[in-house]
Structure formats: C-alpha cells, structure tokens
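**Student:** Numbering (the working numbering), first residue to last: -8 to 397. Below is a structure I'd like to ask you about.
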Amino acid sequence: MKKILIISALLAATLTVSAQGENTGMGGNDGNYKSLAEKVLNLEKKNDAFNLYLNYAYSFKAEKVDGQDWATGFANKQLRLEIKGNLGDHLFYRFRHRLNKATDAKSQDNFAKATDIMMVGYKFNNKVSLQAGKMCQIWGGFEFDENPMYIYQYSDMVDNMDNFMAGVMASYKPVPSQEIAVEISNANNGKLVNEYGVGAKSIESDGTTSRTLEQANSPLTYIVNWNGSFAGGLFNTRWSWGTQTEAKNKYSRMLVLGQQLALPKTQWYFDYMGAWDALDRLKIASSELSMPTSDGQPVADKNMYFSDVHYNSFITKLNWQFAPQWNLMVKGMYETASVSKIEKYKDYRKSFAYIGSIEYYPIKDQDFRVFLSYIGRKYDYSDKCGLKDYNTNRIEIGFMYRIKAY
C-alpha cells in the first residue's frame, strides 16, 4: 500500500508540473526524479547550479485527411536540450535549444529559431526579480505554458504563434501566491521583410485596396501578466493582456485567460485566447483564403495579408490518474476566425478538436511515459467564403521522456 501511495504521489507531481508549465521563467518544479548521473555513476549533486535535461518525444502515427488514404510513418516529435540552474541566492539562468530546428541567426534578435530560451535572471529578494535575454513571452493560459513535449496537438492560435523573443521581464510577488509580471520584447525574430516577404502588402478593410507594409521603428510587444494561486494551489490562474507593433500603423492585441483546478488525482484547465490583429499576425486567414476557392480562383495573392482579423480559442483539458502509474487525458478545442470588416469573410471559419490519450509510467523514478492517442479535427467554413469543409484524424503510439541527465 505504501508503495502504491508513493507512485501515485510521484505521478501526480509530474502531471501538476505539466500544468504549471515549462516555457516561461525557470519552468515548473521538476519533481523527485533521479538523474542518469546519479543512477549510473553514483554522482551526488551538491547544489542546484547545473541541471541538464533532454526532452524527447517519438511516435508511430497514422493520419488521414478527407479524400485521402491513411498515411503512416515514424516521427521524432520533440528533441530539446535544456540547461538551467541557480547560482547562489540571486543569479539564475536557463538555456533551451531544439535540436531538430533551423540554426541560422535571425535578422532582428540574432538568435536562431532553434533557440527557445537563453536568459539570465536576478532575484533581488523574495518579491522582485528581473530576467533578460531570449525567453518565452509571458502570454497567459495553461496550454501556452505547458512543456511542448506533452502537447499532442496545439490549438490553431498557439500553433501559429511565434512566442520565443528577446526582451526583458520584471516580476513582482506581493505575496508568495500572487505574481504580477511585465515584459517588453521584440515582436518578431526577424525584420518585417523576413517575416512577411519582399513587397508584402496589407489588404485594407474594404477588401479592394491594399498598401505596402513598412517596417515599424519600434516593433515591440508589451505584455502584463497575472499568475494567481488560491486554496493552497488547488485553483490557479494565468491571465494576460498585451499589444504588439507589427508594421507601421499596424497593431495586434491579445487577451488570454487561463484557469486551472489542481486536485490530487485530477487536473483540469480552461483557457480563452482572443486576438485582434490589424495585420494578420497568425496568418491563418491570409494563408487559407489564398487557397483556390470553389471557382478555382485564389482570394489573395502571395505576400498579401488581411487587416482587421479576429481569432478566438476555447481550450479545455483534463488529466485523471485513475490508477497508479496510469493517466487518462482528454482535451477539446473550439476556435473561430474572422476577417471582421469584409462581409464575405466575416466569421468564415470554425474549427473543432477532440483529443484523448492513455499514458502509462512504467518506471516510477523517471519522467517517462508510453502513450496511445487519438487526435480528431473538423474545419467548418461558411458558404460565402468558398472554402470546403474537411476533417483530419490521427492515431499515435509512442513515448515521451524528459531525461534528467544531471
């Protein structure tokens, strides 16, 4: 009985960490897992100055899109190297790098897209800290902040966001359970021409005129974030509001409201994300509406981006540890897209996602899970936009392993 309770506690700690997140700041508490250095070489850690992780996810998948046959194959889903540590009571650092991503430096921040995080922080006291470097923007929501390795399918909005930017972030905790953070960062990794293409134009609100996009003098993102914890961590919030400068006179605004219930054997969250883009930053509408319509004609040319685009995402996810070393995950998403001021493309798109997985943790002192998952998606378009509805289905079997090397 004691053994079962210990295993259940370890599993619950792991899943709570997933919900707390691994993208922003130093990530969540990594649990009481033994490192490979400790298990193989019997090396005892004396401090928390150096921690080395490999985040690795691998699967065999079968996929089907309407009108096509099932396609199968093996895939390396995630491979990230992570190093982080605390140097004394004040200084801390974190580095995370994707080993299966392009490594060319971008024109704005001189970082590669492969580098998620390279930041240094200073903790003045228990209430005030400062971070600078490349880091994950502090948008709220629990899906957004979850370790990417644990995500079977992101929402459309998060899937199309660029989140890892160079900047500076200040955090204030008036009490240990409440945090207010303010961040200023680059809006993009590259210059406007790199992100939108040579000669890129915006389709204006009337749908018939366009103008060439110009590089803004200060293409920056400003975010205010609140992270709250109540009833000893049973109920948690991750809320944020931010604005981003795109091209000259083009701004995007985003609101994110994340709520989480964290019980000993059940964890549930619900996120709302809303984006109001004067220039289609997510590029979902601009890319879809440039596809051929039913009459064979494209709606927009290449390097043409809609103005006044509005996106909504509603995301809910439940983890239930129904037995020792087992977890059931179910997730649902409902999302909308609208080119608000062009009647033909107003509220033109709705998408649905329904996801489930069974996860088994065979080794109690390692963050290693074997999974079987199903991901279904439905895309529903308005009649007036001319696009055709379709469905996708995906089945995966594989493993996820956050390898604590040292």
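Glycine included, C-beta positions come from ideal geometry on N, C-alpha and C.
If we count the other Cβ atoms within 10 Å of its Cβ and call it buried at 16 or more, is V149 buried or exposed?
**Tutor:** Buried, because 16 or more other Cβ atoms sit within 10 Å of the Cβ of V149.
**Student:** Confirm, please, whether the CB-CB distance from I366 to A396 is below 9 Å.
**Tutor:** Not a contact, by the Cβ cut-off of 9 Å.
**Student:** Could you check if F83 is buried or exposed, using at least 16 other CB atoms within 10 Å of its CB as the buried criterion?
**Tutor:** Flag for F83 reads buried.
**Student:** Residues in its own chain within less than 6 Å of N382 by CB, not counting five upstream and five downstream?
**Tutor:** So the qualifying residues of the chain are D57 and K369.
**Student:** Quick check: the Cα distance between Q357 and N384, rounded to an integer number of angstroms?
**Tutor:** Approximately 31 Å between the Cα atoms of the pair.
**Student:** Tell whether a beta-carbon distance below 9 Å holds between A48 and Q69.
**Tutor:** Contact flag set, yes.
**Student:** Going by the beta-carbon positions, is the gap between M160 and T212 smaller than 9 Å?
**Tutor:** Not a contact, by the Cβ cut-off of 9 Å.
**Student:** Going by the DSSP bridge assignment, what does L43 pair with across the sheet?
**Tutor:** I74.
**Student:** Select from V361, E279 and G18 the residue whose C-alpha is nearest the C-alpha of Q316.
**Tutor:** Comparing Cα-Cα distances from Q316 to each of V361, E279 and G18, the minimum goes to V361.
**Student:** What residue does the alpha helix (DSSP H) around E350 start on, and which one ends it?
**Tutor:** Element bounds for E350: not the alpha helix (DSSP H) but the beta strand (DSSP E), R340 to Y351.
**Student:** For Y352, I'd like the list of residues in its chain whose CB is within less than 7 Å of its CB, leaving aside the five on either flank, ordered along the chain.
**Tutor:** Around Y352: L2, Q316, F359 and R360.
**Student:** Determine the DSSP secondary structure at S331, reduced to helix, strand or coil.
**Tutor:** DSSP places S331 in coil when its eight states are reduced to three.
**Student:** For K355, name the three-state secondary structure that DSSP assigns.
**Tutor:** Correct three-state label for K355: coil.
**Student:** So the candidates are M140, W217 and G64; which of them puts its Cα closest to the Cα of T228?
**Tutor:** Checked all of M140, W217 and G64; the closest Cα to T228 is W217.
**Student:** State the DSSP-derived secondary structure class of G223, mapped to helix, strand or coil.
**Tutor:** Note: G223 maps to helix in three-state DSSP.
**Student:** Please state if the CB of L319 and the CB of S348 are separated by a distance shorter than 9 Å.
**Tutor:** Closer than 9 Å, so yes.
**Student:** Beta carbon of L273, beta carbon of A238: below 9 Å?
**Tutor:** Not in contact: L273 and A238 (Cβ atoms no closer than 9 Å).
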